[in-house]
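Undergrad:
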Amino acid sequence: MSTAEETRTSDGTPEPGDVEPELSALYRDIDAAELRPLWTITEQLLTPTPRPKAVPWLWRGSVLRPLAERAIRLVPVERGGERRVLSLTNPGLGGRPYAAGTLWGALQCLGPRETAPAHRHTPGAIRFVTEGEGVWTTVDGDACDMHPGDLVLTPGGAWHDHANGGDGHMYWFDGLDLPMIEALDAVFFEQHPELRQPVEGEHNRSEREFAAGGGAFADTMVAGAVRGPLDPEPSRLLVYRWTETARRLAELAAGTEAPLVSLEFTNPRSGASVLPTLSCGMHRLRPGGASLPVRRSGNRVYVVFRGEGHSVIDGRRFDWTAGDMFVVPSWAAEEHHSAEGADLFSLGDDPVLRALGVYREESLPTAQTVTDVFGG
Ligand code: GTQ
Ligand code: FE2
Numbered sequence: 003m004s005t006a007e008e009t010r011t012s013d014g015t016p017e018p019g020d021v022e023p024e025l026s027a028l029y030r031d032i033d034a035a036e037l038r039p040l041w042t043i044t045e046q047l048l049t050p051t052p053r054p055k056a057v058p059w060l061w062r063g064s065v066l067r068p069l070a071e072r073a074i075r076l077v078p079v080e081r082g083g084e085r086r087v088l089s090l091t092n093p094g095l096g097g098r099p100y101a102a103g104t105l106w107g108a109l110q111c112l113g114p115r116e117t118a119p120a121h122r123h124t125p126g127a128i129r130f131v132t133e134g135e136g137v138w139t140t141v142d143g144d145a146c147d148m149h150p151g152d153l154v155l156t157p158g159g160a161w162h163d164h165a166n167g168g169d170g171h172m173y174w175f176d177g178l179d180l181p182m183i184e185a186l187d188a189v190f191f192e193q194h195p196e197l198r199q200p201v202e203g204e205h206n207r208s209e210r211e212f213a214a215g216g217g218a219f220a221d222t223m224v225a226g227a228v229r230g231p232l233d234p235e236p237s238r239l240l241v242y243r244w245t246e247t248a249r250r251l252a253e254l255a256a257g258t259e260a261p262l263v264s265l266e267f268t269n270p271r272s273g274a275s276v277l278p279t280l281s282c283g284m285h286r287l288r289p290g291g292a293s294l295p296v297r298r299s300g301n302r303v304y305v306v307f308r309g310e311g312h313s314v315i316d317g318r319r320f321d322w323t324a325g326d327m328f329v330v331p332s333w334a335a336e337e338h339h340s341a342e343g344a345d346l347f348s349l350g351d352d353p354v355l356r357a358l359g360v361y362r363e364e365s366l367p368t369a370q371t372v373t374d375v376f377g378g
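Residue 3 is where the sequence shown starts when you use the working numbering, and the numbers rise one by one after that.
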């Protein structure tokens, strides 16, 4: 970049000694005018591939779970705080309480007879139940019973509260698009006048209305991942039962020798992902299974539901077992291994990337070299 016209040497390059004071003044004045010269930051901004601030990370259930139990004992669920939730906080994000730049991931819990008060907000949420019985989430008047392995949706704008009608503790994974909606400066939040919103009729209404044959597309899951359909509306089916998920996983695994089979939960009306902003999937690793590395743009959070194994993420090995949660930031190479077999739930932001035409993925031909082991 040419910076001065007056003083040049015989070969045409400026004489640094002469332009230096003027150049410093230029940068000072640019800065004072609240401007930045792109030529000094181009390489930071236009990176050859995504450079997420979030780092690959894993939160152990053996750490999460006892902390949640202590919180049940010591911290009541009340208005204002709204929820008893421990948010996965990625160390790369400078203290922001997000699992990745675009995704909120958390462990939520309720003790006996507790209610997490009714509210609504523009960010959309999903729940994946890891442990316990007795809780239902009411979504716009429809009480959705929750059991381990079930996926429950609370789309943006819908009133929702969580009620524990039993005497046990209950734990589930929360995934939200909160960081995306925050980045768009579009967060709105409102408390319901009642602690619990009224429940209309029998529990699980959406399931009766939409689970079977209720839409044009009609199916509630697709093998692999949604690639075509996009839908600005969330699914009206609010519950995806583990019994059905397990049946479909078994069917997929029986039909192939592949080490890893995946399905994505779909909006039965359109075949799109469950929410306009979030995709949810389930992945089964067969015993002895080792998948080849893949990278994708967009972030993913995984919840280990059954079994144990390890993932290699950008050359680092992450050992995991049921109850652990880990994050694969955009464009990190991921591969998964399990000696005994395992089931992993995943949350992704890929519907947004696909809607904007910026989604990419790439398969790598050979396993990664493991250069170090997370947490040991
Ligand atoms: O259960 O409504 O993890 O509003 C974060 C925000 C859960 C919820 C979270 C929420 C909720
Ligand atoms: Fe909420």
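Yeah, the Cβ is synthetic: ideal placement off N, Cα and C, and Gly gets one too.
Taking the alpha carbon of residue 198 as the reference point, which residue from 84, 290, 377 and 285 has its own alpha carbon closest?
TA: Nearest option by C-alpha distance: 84.
Undergrad: State buried or exposed for residue 196, treating a residue as buried only when at least 16 other CB atoms are found within 10 Å of its CB.
TA: Residue 196 should be labelled exposed.
Undergrad: Contact defined as beta carbons within less than 8 Å: I believe residue 351 pairs with residue 300. What is the distance between those atoms, to the nearest angstrom?
TA: Yes, they are in contact, since the Cβ atoms of residue 351 and residue 300 sit about 5 Å apart, within 8 Å.
Undergrad: Answer with buried or exposed for residue 2, where buried requires no fewer than 16 other C-beta atoms within 10 angstroms of its C-beta.
TA: Any answer about residue 2 is impossible in this case: the structure gives the chain only from 3 up to 378.
Undergrad: From residue 148 to residue 165, what does the alpha carbon distance come to, in whole angstroms?
TA: Using only the alpha carbons, I get a separation of about 10 Å.
Undergrad: Under the three-state reduction of DSSP, which class applies to residue 106: helix, strand or coil?
TA: DSSP places residue 106 in strand when its eight states are reduced to three.
Undergrad: Give me the Cα-Cα distance between residue 150 and residue 64, rounded to the nearest whole angstrom.
TA: Whole-angstrom Cα-Cα distance: 18 Å.
Undergrad: Does DSSP put residue 59 in a helix, in a strand, or in coil?
TA: Residue state, collapsed to three classes: strand.
Undergrad: Tell me, which residues are paired with residue 87 by DSSP?
TA: Residue 87 pairs with 110.
Undergrad: Would you list, in sequence order, the uninterrupted alpha helix (DSSP H) runs of no fewer than 4 residues that lie entirely inside the segment 133-194?
TA: Qualifying alpha helix (DSSP H) stretches, in chain order: 180-185.
Undergrad: For ligand 1, any of its heavy atoms closer than 6 Å to the Cβ of residue 385?
TA: What the structure shows of the chain is the stretch from 3 to 378, and residue 385 is not part of that stretch, so it cannot be assessed.
Undergrad: Using CA coordinates, which residue listed in 289, 337 and 134 is at the minimum distance from residue 316?
TA: It is 337.
Undergrad: When the Cα atoms are used, what is the spatial distance from residue 93 to residue 106?
TA: Rounded to the nearest angstrom, the two C-alpha atoms are 14 Å apart.
Undergrad: Determine the closest residue to residue 71 out of 81, 102 and 173, with distance taken between C-alpha atoms.
TA: With distances taken between Cα atoms, residue 71 lies closest to 173.
Undergrad: Quick one: is the Cβ of residue 176 within less than 6 Å of any heavy atom of ligand 1?
TA: True, at least one ligand heavy atom lies under 6 Å from that Cβ.
Undergrad: Is the closest heavy atom of ligand 1 to the C-beta of residue 108 under 6 Å?
TA: Yes, ligand 1 has a heavy atom inside 6 Å of this Cβ.
Undergrad: Considering Cα atoms alone, identify which of 367, 34 and 183 is closest to residue 125.
TA: The residue with the shortest Cα to Cα distance from residue 125 is 183.
Undergrad: If we count the other Cβ atoms within 10 Å of its Cβ and call it buried at 16 or more, is residue 69 buried or exposed?
TA: Exposed: under 16 other Cβ atoms inside 10 Å.
Undergrad: If distances are taken between C-alpha atoms only, which option among 188, 269, 257 and 253 comes closest to residue 241?
TA: Cα-wise, what sits closest to residue 241 is 269.
Undergrad: Have a look at residue 6 and residue 38 and give me their C-alpha separation to the nearest angstrom.
TA: Residue placement at residue 6 is flagged as unreliable, the pLDDT there being 44, under the threshold of 50; the coordinate-derived value follows with that caveat. Each residue's Cα considered, the two are about 19 Å apart.
Undergrad: Tell me which same chain residues have a C-beta within less than 6 Å of the C-beta of residue 224, skipping the five on either side of it?
TA: Excluding positions up to five away in sequence, the list reads 266 and 268.
Undergrad: Could you please give me the residues that DSSP links to residue 323 through a beta bridge?
TA: Bridge partners of residue 323: 310.
Undergrad: What does the Cβ neighbour count give for residue 29, buried or exposed, with the cut at 16 atoms within 10 Å?
TA: Burial call: exposed.
Undergrad: Taking 6 Å as the line, does the beta carbon of residue 229 fall inside it for any heavy atom of ligand 4?
TA: This structure simply doesn't include ligand 4; it includes ligand 1 and ligand 2 instead.
Undergrad: Contact defined as beta carbons within less than 8 Å: I believe residue 104 pairs with residue 181. What is the distance between those atoms, to the nearest angstrom?
TA: Right, the Cβ-Cβ distance comes to about 5 Å (below 8 Å), so this counts as a contact.
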